[in-house]
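Protein chains in written order, with the working numbering: chain H, 38 to 454; chain Z, 38 to 454. Beta carbons are placed, not taken as given, at the ideal position from N, Cα and C, and that holds for glycine. Remember, predicted model here, so these are calculated numbers, not experimental data.
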């Protein structure tokens, strides 16, 4: 097995990149009789095992599929068995291995649905998280887990201007599958959902994608760079302070995990596209092409809001100024790790382009980090100008489970102990 | 400019692969201060110009976005102007160039929406086609074009078991954008739709995707290879006989074009996944992993249905046997060029995985090729077994316009002459 360094993989607990097996890496014949030789290319895979789960500080792959599940059983043992089964499956899928050896037993439905055969695993990561309703749903302690509920885990509230749709929001369990191949993400969620039959079923699912081959910071569908000021993935100090949970953080069993916020933000593409170039930059608070601040500093320089307290250069209600007022220590403590994707679906019911941002962030304390920022953005007295061009229709709050450090252990083990 | 050979690009009239410009190919700074050097990688682009449009015999890129438009103007001159504008835009987009030079005029909405800045063009092709309703809609000759209507162009009929939804079906104009980057496909359709404001608007849109890095024939979401028996893209003889229209084919102005059939085929994933491995192979009529026929021949060998007239090895109502009965000359004449994609959306209204096949094919005569095959598959007396696992919800029939051979000419010019 080769091992090699990979951007960001030095962060504490992140798994190494290994070369996995892949069914179907044999000489194939193309339609028309032309042939391609046996592939020499490495099928890059990321190991499932580690103190933290992957898919948090892992450099964002090009595609994501986030799927929320409702647990339908009332038997905690069945839930526990599912977590064990999902643990094994996730390790197998991330290693680029099929879920069953071929030939599979012809008399039964295939254990592995097979659409991924011959595809590279694309650095697949599968990340598991749980929602508040797993611990307490409408006052009912469904699985005897209420006492284990992390202090900071609530259902996502409705912020000013949110238009949450029940069928796109919340969930008992969330699985995030990310890969450089959308078929691999689909295959992972499909097979995990199939294995959960009778115990949990899909509540919602949201796909996301980033530009495939790009230079520098990726762009959102408003045409602006998104993530310019995101922390570096190898900033271990930041991850320790602002992302990873410690045992004193509200639930000892959750140490090594983190809180995940998902928001499905529909962007009003047609309306946005009718705004002037100048207004677009004012609303966001950055230059469109370069991503530089509006006060003349170069791209990565911090804008100097303190020298512009009237908001003459960067409007007080511009998106970036409200998101991060650069108020020193307090702004640093608030900072979150964003790991979002664009989504580009078909038209909605009224014929608008159904596209936007699948906002995903990780933080150590939802209330003092994400919510603190979000409340500023949605303060009815001075709301983020960008809110006029977005509708948040779904998402939720989830607690990302600690990593699984060795075979035999399983996801959420501390929950059932 | 470099030029190089590219699989399938030798087919008559297919455009060469050239290296295009791309805004944003400069040194960029990553979050956290690390840097990447200026890209040396070629941004592969395909030339827009040629006797045939691209996106037909072009090797399938990994992503597609097919968008249908309703023409809303009743002024043929506005329609003609739109075709001229779209021609210029398509040539620019395919060359990997922005639709407007930066800095754009700050007082107006951006001409180019900008989300593609910094991304590779991913061999973008944009293919334009027109539907029967452009010539005659409910008996009305909307643009004085009725006399130009190609003989073989009708609205797609409802085949046995089809569940076509009006808002996902038909359209006056269809644009197919294909690229190795889904953001590039989205950007193309978005900007073409934006430019059409007041003249045409989006009726439906459907995204599709293939596995990113795969060996050999790609697979559909039933886990089977799809396209094993598709003609080779460099088989010029096949394209001449079965794909490209000649001036005697029903409309002289359409010579160099072809007919396109689109069908949005939802696959009942959850139901399929409960069928036994053996039943899945029987329904399709091929081995799942290898794609080989069920009668013992190797992958690319033709199954010998004549030696199995009772259907003991390959069921008479299996998908591949009904699709292509290998009846010699008559089956050869029917053969179509498939260029389909998988689609993987979120859940549907009743919580099922909303995924399937975006079937796309090109043929010289819809009635004697696609429809002849399709009528066999949907014959109520012996329907394709696979129909029990699919629902066709949208699509349409379209005439792909001839290529534009030189600057100054435009798409559909022969239509307005």
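- Residue 268(H) places its beta carbon less than 8 Å from that of residue 372(H).
- Counting every other CB atom within 10 Å of its CB across the protein chains shown gives residue 195(H) a total below 16, marking it as exposed.
- The C-alpha of residue 99(Z) lies about 7 Å from the C-alpha of residue 218(Z).
- Under a 10 Å Cβ-count criterion, residue 211(H) is classified as buried, with 16 or more other Cβ atoms of the shown protein chains found around its own Cβ.
- Here the alpha carbon of residue 89(Z) sits roughly 32 Å from the alpha carbon of residue 389(H).
- Listed along chain Z, no residue sits closer than 8 Å to residue 416(H) by beta-carbon distance, the nearest being about 27 Å off.
- At a cut-off of 8 Å between C-beta atoms, residue 390(H) counts as an interface residue with respect to chain Z.
- Distance between residue 208(Z) and residue 256(Z), taken at the CA atoms: about 29 Å.
- Residue 111(H) carries a coil assignment under DSSP once its states are collapsed to helix, strand and coil.
- The beta carbon of residue 360(Z) lies closer than 7 Å to those of 410, 414 in the same chain, with the five residues before and after it left out.
- DSSP, reduced to helix, strand and coil, places residue 379(Z) within a strand of the structure shown.
- Counting only Cβ-Cβ distances below 8 Å, residue 323(H) has no contacts in chain Z at all, with the closest Cβ about 12 Å away.
- Cβ-Cβ separation between residue 290(Z) and residue 452(Z): approximately 6 Å, consistent with a contact (criterion under 8 Å).
- A contact between stretches requires three or more CB pairs, one per stretch, nearer than 8 Å, and the stretch 310-318 of chain H fails this requirement with the stretch 121-132 of chain H.
- Under the Cβ distance rule, residue 154(Z) counts among the residues neighbouring chain H, one pair being separated by less than 8 Å.
- Looking only at 186(H), 323(H), 339(H), 303(H), the smallest Cα-Cα distance to residue 202(H) is reached by 303(H).
- Using a CB distance cut-off of 8 Å, residue 126(Z) does not count as an interface residue toward chain H.
- Under the DSSP assignment, residue 300(H) falls in the beta strand (DSSP E) whose first and last residues are 295-304.
- Excluding residues up to 5 positions away in sequence, 50, 88, 89, 281, 282, 439, 440 lie with their Cβ nearer than 8 Å to the Cβ of residue 293(H) in the same chain.
- A direct Cα-Cα distance of roughly 42 Å separates residue 437(Z) from residue 134(H).
- Beta-bridge pairing by DSSP links residue 373(H) to no other residue.
- Counting only residues of its own chain and dropping the five nearest sequence neighbours on each side, residue 85(H) has a CB closer than 6 Å to the CB of 127, 128, 131.
- In the DSSP assignment, residue 252(Z) falls outside any beta strand (DSSP E), carrying neither H nor E.
- Taking every protein chain shown into account, the CB of residue 243(Z) has 16 or more other CB atoms within 10 angstroms, so this residue is buried.
- Neighbours of residue 435(Z) in chain H, taken as residues whose beta carbon is under 7 Å from its own, are absent, since the nearest beta carbon is some 18 Å off.
- Distance between residue 162(Z) and residue 397(Z), taken at the CA atoms: about 15 Å.
- Residue pairing by DSSP leaves residue 281(H) without any beta bridge partner.
- For the stretch 202-228 of chain H, the residues whose beta carbon sits under 7 Å from a beta carbon of chain Z are, in order, 217, 218, 219, 220, 223, 227.
- Listed along chain Z are 219, 223, 244, each with a C-beta nearer than 7 Å to that of residue 381(H).
- Residue 242(Z) is bridged by DSSP to 104(Z).
- Under DSSP, residue 444(H) forms a beta bridge with 446(H).
- Residue contact with chain H for residue 366(Z): absent (no Cβ-Cβ distance below 8 Å to any residue of chain H).
- Looking at the DSSP output, residue 231(Z) sits in no beta bridge, so it has no partner there.
- Scanning 104(H), 317(H), 404(H) for the CA closest to the CA of residue 391(Z) turns up 104(H).
- For residue 139(Z), the neighbours in chain H by C-beta distance under 8 Å run, in chain order, 326.
- Taking a 10 Å sphere around the C-beta of residue 339(H), we find fewer than 16 other C-beta atoms and assign the residue as exposed.
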